[in-house]
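Novice: Sequence order for the protein chains is A and B.
Heads up: the first sequence begins at 1 in my numbering, then just goes up one per residue.
Heads up: the second sequence begins at 1001 in my numbering, then just goes up one per residue.
A virtual CB, placed ideally from N, CA and C, is assigned to each residue, including glycine.
Please read these numbers as outputs of a predicted model, since none were measured by experiment.
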Amino acid sequence: MSLPVGVLRFPGTNCDRDVFEALASQGARVEWLWHADRFDPKGYRALVLPGGFSYGDYLRSGALAARSPVMESAREAAVRGVPVLGICNGFQILCEAGLLPGVLIRNQGLRFIDDWMELNLVNSQPHFGRRMTAGIRTRLPIAHADGRYYIEEDGLKRLQDRGQIWWTFAKNPNGAVADIAGVMNEARNIAALMPHPERAMYEWMGGTDGAAFFDL
Amino acid sequence: MKSEHAAKLKTYRLNESEYELIARLLGRPPRGVEWALFSALWSEHCSYKSSKVHLKKLFNKSSRVLESFGENAGVVDLGEGERVAFKIESHNHPSFIEPYQGAATGVGGILRDIFTMGARPIALADYLCFGEPSAPRMSPLVDGVVRGIGGYGNCVGVPTITGQTEFHESYSGNILVNAMAVGLFRPGEKIFLSKAKGPGNWVVYVGAKTGRDGVHGASMASESFEADSAAKRPTVQIGDPFYEKLLIESCLEVMKEDLVVAIQDMGAAGLTSSSFEMASKGGVGLSIHLDRVPLRDASMTPEDILLSESQERMLLVCEPRKFERIAAIFHRWGLDAVTIGEVTGKGL
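1. According to a CB-to-CB cut-off of less than 8 angstroms, which residues of the stretch 98-117 of chain A neighbour chain B?
2. Just grab the DSSP bridge partners of Gly-1079 (chain B) for me.
3. Relative to the C-alpha of Val-1203 (chain B), which residue among B:Ser-1194, B:Ile-1329, B:Leu-1111 is closest?
4. Measure the alpha-carbon distance for Met-205 (chain A) versus Arg-137 (chain A) and round it to whole angstroms.
5. Alpha carbons only, please: which of A:Gly-56, A:His-127, A:Asp-40, A:Ser-68 is nearest the one belonging to Ala-187 (chain A)?
6. With a threshold of 8 angstroms between beta-carbons, can Lys-1245 (chain B) be considered close to chain A, or not?
7. Apart from the five residues just before and just after Ala-1023 (chain B), which ones in its own chain have a Cβ nearer than 6 angstroms to its Cβ?
8. So, under 8 angstroms CB-CB, Gly-147 (chain A) and Asn-189 (chain A) are touching, yes? Tell me the CB distance rounded to an integer number of Å.
9. Quick check: Arg-1083 (chain B) and Leu-1058 (chain B), are their CB atoms within less than 8 angstroms of each other?
10. Which chain B residues are close to Ala-143 (chain A), counting only those with a beta carbon under 7 angstroms from its beta carbon?
11. Is the number of C-beta pairs between the stretch 1270-1278 of chain B and the stretch 1135-1152 of chain B that are closer than 8 angstroms three or more?
12. Assuming the contact rule is C-beta atoms closer than 8 angstroms, Ile-1114 (chain B) and Gly-1183 (chain B) should be a hit. Round their C-beta distance to whole Å, please.
13. Tell me which residue opens and which closes the alpha helix (DSSP H) that Ser-1287 (chain B) is part of.
14. Starting from the C-beta of Asp-18 (chain A), find all residues in its chain whose C-beta is less than 6 angstroms away, skip the five residues before and the five after it, and write them out in chain order.
15. What does the Cβ neighbour count give for Lys-1049 (chain B), buried or exposed, with the cut at 16 atoms within 10 Å?
16. Using a Cβ-Cβ cut-off of 8 angstroms (strictly less than) and excluding sequence neighbours within five positions of Ala-36 (chain A), which residues of its own chain qualify?
17. Name, in chain order, the residues that DSSP records as bridge partners for Pro-141 (chain A).
18. Rounded to whole angstroms, what is the Cα-Cα separation between Ala-134 (chain A) and Arg-111 (chain A)?
19. For Phe-1096 (chain B), which three-state DSSP category applies?
20. Starting from Gln-1164 (chain B), follow its DSSP beta bridges and name the residues at the other end.
21. Is Ser-124 (chain A) near the ligand PLP, in the sense that its beta carbon is under 7 angstroms from a heavy atom of that ligand?
22. Can you tell me where the beta strand (DSSP E) holding Trp-1035 (chain B) begins and where it ends?
23. Name the DSSP bridge partner or partners of Gln-1264 (chain B)?
24. Spell out the partners DSSP gives Glu-1067 (chain B) in its beta bridges.
25. Please state whether DSSP places Gly-90 (chain A) in a helix, a strand or coil.
26. Less than 8 angstroms between the beta carbons of Ala-170 (chain A) and Leu-104 (chain A), yes or no?
27. Determine the direct distance from the alpha carbon of Arg-130 (chain A) to that of Arg-1313 (chain B), and round the result to whole angstroms.
28. If we define contact as Cβ-Cβ less than 8 angstroms, is Gly-1183 (chain B) a contact residue for chain A?
29. At a Cβ threshold of 8 angstroms, is Gly-12 (chain A) touching chain B?
30. State the Cα-Cα distance for the pair Pro-1320 (chain B) and Lys-1197 (chain B), rounded to the nearest angstrom.
31. Assuming Asn-1060 (chain B) and Asp-1265 (chain B) form a contact by the criterion Cβ under 8 angstroms, report the distance between their Cβ atoms to the nearest whole angstrom.
32. Would Asp-1036 (chain B) and Leu-1307 (chain B) qualify as a contact pair, given that the criterion is a beta-carbon distance under 8 angstroms?
33. Could you tell me how far apart the beta carbons of Ala-275 (chain A) and Phe-214 (chain A) are, in whole angstroms, since I believe they sit closer than 8 angstroms?
34. Identify which residue in A:Gln-92, A:Ile-113, A:Tyr-58, A:Asn-14 has its Cα closest to the Cα of Pro-141 (chain A).
35. Determine, using beta-carbon pairs with one atom in the stretch 1143-1163 of chain B and one in the stretch 1102-1113 of chain B, whether at least three such pairs fall under 8 angstroms.
36. Can you tell me where the alpha helix (DSSP H) with Ala-1328 (chain B) in it begins and where it stops?
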């Protein structure tokens, strides 16, 4: 039997059950990983950090979660090459943990935004949405206040040169540098995006483009 | 002496005939915190004394209606094993005084009414009525209310899926902020009620610590507006959607394990209304030790503790042998769970 996919849960994570269902619907065996506990970094075939507000995010989005016990194990797993996906708050946590370059700051309009977005796949991802090829368009919902990706110029150049930009917004909703909606690490096993694929699984949700992300 | 009495009535927002009724019920004049208790419980916000007559006209006679007036939310059987809990409530006054927190705690309060019943909140809606856009303060009011609703809902993880917004000059001096929440019971999930029972059972306080926010909020919310809305800001509660999220998960967990006899959220008039409602519905008494209530500020008086409207708190009744498991679940979510009293055989 193949290893389970681990879904990290922090106090305040609120897309956890959606992500759990999304993974299970694509045939994965899913297990919860609790914020206060370490886990066996060799015990999971992939890890997912869902959206929400870890520890309330009163300090800085993702800042506390990045320093939690469960993230120590996640870091070990990531270093070993285990695929890690971050969605929304999960993206913020991975940046705060230094596992992905850049940061996510308050939206340019300073407001929470919530809408469906067209996205362009800049570089394909070997684990999450592995069947999608660069150049395609997809449609996913966003819901964030701190979703504006920021990185300094030399960092952006590095991302571009090494093909680490995963998704860009067709129409920039939040002021993100270079319209970036998702990035990867250089080894391509860690990837994250602000939009919520788990909220686009069925027609009745408004779209089905998210399902491909959970077909591991 | 006479002016002292009049001043007291004014402080506690009671009129002379209400005072006489209290004295008759008690067989003596009210003393100490009794003033505060009656003030809160007999406020329009808690007792619906003036709107009760209209509420009674609402239709609720159907075999599909599983719970109706008197509980924290209505429950309707949709068929095919699905039941929904829903409720709509206004938070007009707090929102007029402090729009962000007023609207946010309106959302928080209505969500608690839903998961108190054992249903998982799945949707929010709002019906907002604002005044002329050019009316004084209207632009920051609209902005604050919208941000408050969005901020709380986003953090707690429940989407706002529909609503209605109107602008009319008649609301210029009194905006309406109505929040609605819907929750789902999955097949086999039990409906929980607030009826305290079982003498000897423990009364357990769970959730956030008690602070001074919202003291006298219920009676404030029942008054009409004068020119002093800024001065009333300290009576507005402050919401913490992060705590609410923890409370949702931990409460649903203790309910799933069937550890609770009765449960009630602490909304308007906080510990006062929650404990009195639980006791009165069950026809029992509750003996409560206020000195065991977790406090943010140790200098709070018994009256402050009884009337605090600090958000994200619940009161539950459980069998003593189940307390340890309940406490373990709440502690895992980082929340307080403290036994503050017990159910006694008879009402007072």
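Specialist: Looking at the atomic coordinates:
1. Arg-111, Phe-112, Asp-114
2. B:Glu-1082
3. B:Ser-1194
4. 18 angstroms
5. A:His-127
6. yes
7. Pro-1029
8. Not quite, the Cβ-Cβ distance comes to about 23 angstroms (not below 8 angstroms), so this is no contact.
9. no
10. Asn-1154
11. no
12. 4 angstroms
13. Taken as a continuous stretch (DSSP letters only), Ser-1287 (chain B) belongs to no alpha helix (DSSP H), being part of the beta strand (DSSP E) at 1285-1288.
14. Glu-198
15. exposed
16. Ser-68, Pro-69, Val-70
17. A:Trp-116
18. 31 angstroms
19. helix
20. B:Tyr-1127
21. The ligand PLP is absent from the structure shown, which contains no ligand whatsoever.
22. No beta strand (DSSP E) contains Trp-1035 (chain B), which is instead part of the alpha helix (DSSP H) from 1033-1041.
23. B:Leu-1315
24. B:Val-1075
25. helix
26. no
27. 45 angstroms
28. no
29. yes
30. 13 angstroms
31. Contact flag wrong, Cβ pair sits at about 22 angstroms.
32. The sequence shown places Ala at residue 1036 (chain B), rather than the Asp named in the question. In contact: Ala-1036 (chain B) and Leu-1307 (chain B) (Cβ atoms closer than 8 angstroms).
33. The structure shown does not extend to residue 275 (chain A), since chain A is modelled only from 1 through 216, so no value can be given for it.
34. A:Ile-113
35. yes
36. 1323-1332
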